[in-house]
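Everything on this sheet refers to the single structure shown next.
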Amino acid sequence: MISTKINSGKYGGRILNLPPQAVTRAVSARVRSAIFNKLDVEKRNILDLYAGGGTLGFEALSNGAEKITFVDMSDSAIKILKYNAKALDVEGNIVIKKMEAKKYMKDLGLKYDIIFLDPPYKDFNNTLVKSASNLLQLGGILVVSCSSRSFVEEPNDTIELDEKNYGDTKIVYLQKT
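The structure is reproduced here in structure tokens:
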């Protein structure tokens, strides 16, 4: 089984199991460190779209996030998310939704403080960015993870805070205005 460690916070050093790489692409430890050095997640309500094994969401919980909603459509990802939540004893702080992220974004009136948008590189498009930004609270942050070759279009109601490349991965931070 593939695994990684939580980098920091309350659960730092704890192991997370991951779905097979054929199913998901996990965010590297280096990229997660960069994201969580930049974000204040304490007491935040967070949405993790295309969650996979939940590395971003569980890292956020480890650093004080209040609640994480994980969304993924893969059976193996859902199974791993449930396993990791039980292993960390955080079932009360999470919601797991087995559904297509695009559908989840359409059906909801909920708003989030932080959203992680980490689709498969081949599925990335700016319609996803716009849909995700619609679920942000005013002042909320959308963290987009995509191929370093992708162009992230800033929706009209957001401002770009930062953009960095880490090898083949680009991370873009957009804030709802």
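Take the sequence shown: its position 32, counting from 1, is numbered 32 in my numbering, and each next residue is one higher.
By construction, the Cβ of each residue, glycine as well, lies at the ideal position given by its N, Cα and C atoms.
If I'm right that N45 touches D157 with Cβ under 8 angstroms, what's the distance once you round it to whole angstroms? Start at 1 with the first residue of the sequence shown, and residue 45 comes out as number 45. Start at 1 with the first residue of the sequence shown, and residue 157 comes out as number 157. N45 to D157, Cβ: 19 angstroms. No contact.
Between the alpha carbons of I96 and R149, how many angstroms are there, rounded? To locate residue 96, count along the sequence shown from 1; it is residue 96. To locate residue 149, count along the sequence shown from 1; it is residue 149. Roughly 31 angstroms separates the two Cα atoms.
Once the 5 residues before and after D168 are set aside, which same chain residues still bring their CB inside 7 angstroms of it? What you label residue 168 is simply residue 168 of the sequence shown in a count that begins at 1. Once the five neighbours on either side are set aside, the close Cβ partners of D168 are S147 and S148.
If we ignore side chains and look at the alpha-carbon of each, how far apart do Y50 and L117 end up? Translated into the one-based positions of the sequence shown, residue 50 becomes position 50. Translated into the one-based positions of the sequence shown, residue 117 becomes position 117. So the two alpha carbons sit approximately 7 angstroms from each other.
Pick from K5, L61, L174 and K170 that is closest to S133, judged by C-alpha positions: For this step, residue 133 is matched to residue 133 along the sequence shown. That would be L174, whose Cα lies nearest to the Cα of S133.
Count the other C-beta atoms from every protein chain shown that fall within 10 angstroms of the C-beta of D265, then say buried if there are 16 or more, exposed otherwise. Outside the displayed range of the chain (1 to 177) lies residue 265, so it cannot be described from this structure.
Extent of the continuous alpha helix (DSSP H) to which G57 belongs: For the purposes of this step, residue 57 is taken as residue 57 along the sequence shown, with counting starting at 1. G57 -> alpha helix (DSSP H) spans T55 to S62.
Looking at the strands, I want to know which residues DSSP matches up with F70. Your numbering for residue 70 matches position 70 in the sequence shown. For F70, which the question treats as bridged, DSSP gives the partners D48 and I96.
Alpha-carbon spacing of K82 relative to E91, whole angstroms: Translated into the one-based positions of the sequence shown, residue 82 becomes position 82. Translated into the one-based positions of the sequence shown, residue 91 becomes position 91. If I take the Cα positions, the gap works out to 8 angstroms.
Can you list, in chain order, the residues of its chain with a C-beta nearer than 7 angstroms to that of V27? Leave out the 5 residues immediately preceding and following it. Taking the sequence shown and counting its residues from 1, the one referred to as residue 27 is at position 27. Cβ neighbours of V27 beyond the five flanking positions: T55, L56, D118 and S145.
When the distance is taken between beta carbons, is D89 closer than 9 angstroms to F70? Taking the first residue of the sequence shown as 1, we reach residue 70 at position 70. Taking the first residue of the sequence shown as 1, we reach residue 89 at position 89. Cβ atoms of F70 and D89: not closer than 9 angstroms.
Exposed or buried, which one is F58 when buried takes at least 16 other CB atoms within 10 Å? The sequence position of residue 58 within the sequence shown is 58, counting from 1. F58 should be labelled buried.
Let me know if K105 comes out buried or exposed under the rule of 16 or more other beta-carbons within 10 Å of its beta-carbon. As a first step, residue 105 is located in the sequence shown; it is residue number 105 there, counting from the start. For the record, residue 105 in the displayed sequence is Met; it is not Lys. Its Cβ being crowded by 16 or more others within 10 Å, M105 is buried.
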